[in-house]
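**Student:** If you scroll down you'll find the structure; I have some questions about it.
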Amino acid sequence: LRLEAFQWGLGIFEGPETTAFNGSYQQFKQLGNRWTAATTVAGRYSLPGNQPFSIEKGFGYGKMFVRGYEYYVIQGQDYALNRNDLRYRLFKTHFSLPRIVPEKFRDIPVTLRLKAFTDQGVVWDHYTEQEAPNLANQYLFGYGVGVDVTSYYDFNFRLEYAFNDRSESDLFLHFGLPF
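When the count follows the numbering used here, it moves up by one through the sequence shown with no breaks and lands on 403 for the last residue.
Okay, here's the thing in structure tokens:
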């Protein structure tokens, strides 16, 4: 569980004043010897609704996006996101490096997992024109399959083939932490 609160402006000077609350919850479940499931729920609520454009953060910033919509930045004041993964561990091994490498970095664990995923989310923009070609204020859904390669310190390389509800699909590469 992660909760954050941000405040822009002190309320004693002229200018914009905005408060935002971000939260996320992740749960991992072992389903058997090689199977795991993971879910993430994340959201943002900010007030007042009318805020400077530079403070608005919807999907497409950092790790907040619906898979299958990686090419899009969706502006808005508030959002909700749900991600679900089902993973199968194909193998788990380790590689030993030569003695020239310091001992604590010599043994490199590597795990390869196959996965299927579904994501859904929405970004609320209270000031967008409904006629504008914009993905704000619309339910977004993405799904796909992928391969995760995990090494020490939870470094993760993800290769994902994702589809979205706009009939678009593509291959995406991600590096870093899984969520």
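Yeah, the Cβ is synthetic: ideal placement off N, Cα and C, and Gly gets one too.
Here the structure is a predicted model, which is why all the values come from computation and not from measurement.
Is the Cβ of D309 closer than 8 Å to any Cβ of chain B?
**Tutor:** In the displayed structure, chain B is absent; only one protein chain is listed.
**Student:** For T404, count neighbouring Cβ atoms within 10 angstroms of its own Cβ and tell me buried if that reaches 16, exposed if not.
**Tutor:** The requested residue 404 does not occur in the structure, where the chain is confined to residues 225 to 403.
**Student:** Cα separation between V197 and L397?
**Tutor:** There is no way to answer for residue 197, as the model of the chain reaches only from 225 to 403.
**Student:** Under a Cβ-count criterion, where at least 16 other Cβ atoms within 10 Å of its own Cβ denotes burial, should V334 be classed as buried or exposed?
**Tutor:** exposed
**Student:** Does the Cβ-Cβ distance between G300 and E280 come in under 8 Å?
**Tutor:** yes
**Student:** If you check the beta carbons only, do D309 and A262 fall under 8 Å apart?
**Tutor:** yes
**Student:** So does the region 288-295 actually touch the region 362-373, counting three or more Cβ pairs closer than 8 Å?
**Tutor:** yes
**Student:** Less than 7 Å between C-beta atoms, sequence neighbours within five positions excluded: which residues of the same chain meet that for T260?
**Tutor:** So the qualifying residues of the chain are F252, K253, Q254, R311.
**Student:** What whole-angstrom Cβ distance do Y296 and G284 have, given they're in contact under 8 Å?
**Tutor:** 6 Å
**Student:** I believe V371 touches L336 by the beta-carbon criterion, under 8 Å. Please report the beta-carbon distance rounded to the nearest angstrom.
**Tutor:** 7 Å
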